[in-house]
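Here's the structure, in structure tokens; my notes come after.
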Amino acid sequence: MPNAPLKPMMLVRPPNSILYDESFWDELADAGIYEVALQWLCLLDERQNLGNRYPQVEDTHPRALAAVGGSPVQRVPVAAFQPDPDLYQGMEWQPPQMPAHLAGESQRMRDALRTGAEKGFKIYAMDDKAYFLLGSFGTGRLNTNRPIPSVTDPDGPAMTAARARDTIANFPEINGILLDGPDFKWEIAPGHRDDMWVEPIDTPANRQFASARGIEMQSVLDGRERFKEFLQSLHPDAARRFIEHSPGALADHRWWAERPQFADWYRFKQDAVEWSVSQSYRAIKTHLPNVMVGNSSRLPFVATITGHNLPRKQAYTDFQMPKEYWWSGGVAGFRGTVVNWLKTLCEWNPGLDRDLAEKWFSAAFDYPMPKDYPVSAYESEATDAWFTTSVRDQTRKMMAAAETADRLVPWVGLEHFGSNWVTPSELDRLLAEMRTQGVTRYCYFVYNSLSPEIWNVIKRHSQA
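Mind the numbering: the sequence shown is residues 103 to 566 in my numbering, read in order.
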């Protein structure tokens, strides 16, 4: 029996005026694609010397450029509707306001989503609160001095539900909400954006959350430091013993829970993520029972470190969205993550050579690697064996955690923040492997940057 087609939920980012052209919807429908997600449901406002470039530098799709008049513009992202203040009473965080002069543009957005719904599309919106809380909505400039809300911020799930209710009251065509994370950090390279040891865990909200669960915050911080000491003690004999006696340990929830030196750190992260996602899910469902809720996570081999327990998430998600983010370099691509880990482990442990470090990483995370594509080659085109080994392993684990194809909508992306892009050939083989493992849907990041070669790959798998 041939593999079923693999259909993308196509993610669109600003300028959202891409959606105004009816041919956008027809183009997707012609390719057999009937799901669209909005990364940021916002409008773009023109203000002198303020804002960001739209389209972004990497966004090469002709529609992205045509939507802003043919050449890049500087604009400020603002709310796409006036919020209902009653929904946010008593919350510390208040929603962004829509400039009155953009009321007509807001109506154009409503009309565009109505067109999509009438053509049979399901439409999703990303939970946008993290973006506007840091100040980009309304100013165009991130407020880097403002602390990022903790995962355990008491207002977090309530704000998520309020934004979902407010959004769908204004855009009733929206069928679902996508929750992006939260994730605890997973990188070990000093100075990396996702360095787990500089993550601000010791916050008032986190301390209160931990205390309510009988966990001392100092024990959480100590566990994180003990893990660093563990990684800095991987002399060759220790690495070989770990490979022999503890295969798969760092991807195994039981291993973490059974190690007193790490247990409170592990438990705090898992409890915090589960609380945040499950409370958000239940708060949304209380008011919007028919709205579908998806939640993202990292690849299975690092999910445990980031606080996600993928099998348990079935109880508080409608579908899971682990990230098939395989680029190298840049941010959040997992070929790059493996490179960073091995480089750092060898720097921390002078007696550890790259070959043994690679074997340790593969064993520790239960991440199989083919012999013809060593980590030293991760910035080069992947071999076929890598897709039938490493990618196959991670995709199988995603499917096993979700249990059924309708509960799995992995993210697929090509790049982030200056990374090496996944090539058209690599995307083709990735999608083919996903189909082989029974995946039928995914969320593609992102429409605005589609090249003709990539679009042809996506269509080929969608129309198969």
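Don't be surprised by glycine CBs; every beta carbon is placed ideally from N, CA and C.
Reduced DSSP secondary structure (H/G/I, E/B, other) of Met536: helix
DSSP-derived helix/strand/coil call for Leu552: coil
Reduced DSSP category for Lys109 - H, G, I as helix; E, B as strand; rest coil: strand
Distance cut-off 6 Å: Ala459 Cβ against heavy atoms of the ligand FAD: Although the ligand FAD was asked about, the structure shown includes no ligands whatsoever.
Of the listed residues Ala181, Leu152, Pro338, nearest to Leu458 (C-alpha basis): Pro338
DSSP beta-bridge partners of Phe547: Gly515
Distance CB(Tyr549)-CB(Pro512) smaller than 7 Å: no
Reduced DSSP secondary structure (H/G/I, E/B, other) of Val178: strand
Other residues of its chain near Gly438: CB distance less than 6 Å, five sequence neighbours each side excluded: Ser430, Gly431
C-alpha gap between Arg210 and Tyr122, whole angstroms: 7 Å
Terminal residues of the beta strand (DSSP E) in which Val541 lies: Unbroken run through Val541: none, as it is neither H nor E.
Assumed close pair Gln141, Leu113 - CB separation to whole angstroms, cut-off 8 Å: 6 Å
Ser553 burial status per 10 Å Cβ neighbour count (16 or more: buried): exposed
Range covered by the beta strand (DSSP E) that runs through Arg328: Unbroken run through Arg328 is the alpha helix (DSSP H), 319–333; no beta strand (DSSP E).
Start and end residues, alpha helix (DSSP H) containing Phe364: 362–389
Ala385 versus Gly453 - alpha carbon distance: 52 Å
Backbone CA spacing between Ala537 and Gln199 [nearest angstrom]: Sequence inspection shows Arg at residue 537; the Ala mentioned does not correspond to that position. Near 43 Å, if we compare the C-alpha coordinates of Gln199 and Arg537.
Residues near Arg61 in its chain [Cβ-Cβ closer than 7 Å; skip 5 each side]: A question about residue 61 goes unanswered here, because the residues of the chain that appear run from 103 up to 566.
Alpha helix (DSSP H) segment containing Ser478, residue limits: Run containing Ser478: none; DSSP gives neither H nor E here.
Reference Pro302, options Ile317, Val322, Ala314, closest by Cα: Val322
Straight-line gap, Ser252 to Gly258 (C-alpha atoms, nearest Å): 8 Å
Helix, strand or coil at Arg115 according to DSSP, with G and I counted as helix: coil
Met103 versus Glu376: straight-line alpha-carbon distance, rounded: Unreliable positioning characterises Met103 in this predicted model, as indicated by a pLDDT of 38, which lies under 50. A coordinate reading is not provided.
Validate contact between the region 146–156 and the region 169–187 using beta carbons, cut 8 Å, 3 pairs: yes
Rounded straight-line distance, which links the Cα of Asp188 to that of Ser521: 43 Å
Burial state of Arg369, where buried means 16 or more other Cβ atoms lie within 10 Å: buried
DSSP three-state assignment for Leu281, whether helix, strand or coil: strand
Cβ-based burial, Asn451 [other Cβ within 10 Å; buried from 16]: buried
Inside the region 408–459 only - beta strand (DSSP E) runs reaching at least 3 residues: 421–427
Bridge partners - Glu137, DSSP secondary structure assignment: Met111, Lys224
Beta-carbon proximity list for Phe239, same chain, < 7 Å, skipping 5 on both sides: Cys144, Pro179, Val180, Ala181, Pro198, Tyr233
Rounded separation between Val300 and Pro292 - CA only: 9 Å
Short Cβ contact (7 Å threshold) for Pro472 with Ala487: yes
Lys231 burial status per 10 Å Cβ neighbour count (16 or more: buried): buried
Pick from Phe463, Ala219, Glu160 that is closest to Gly350, judged by C-alpha positions: Phe463
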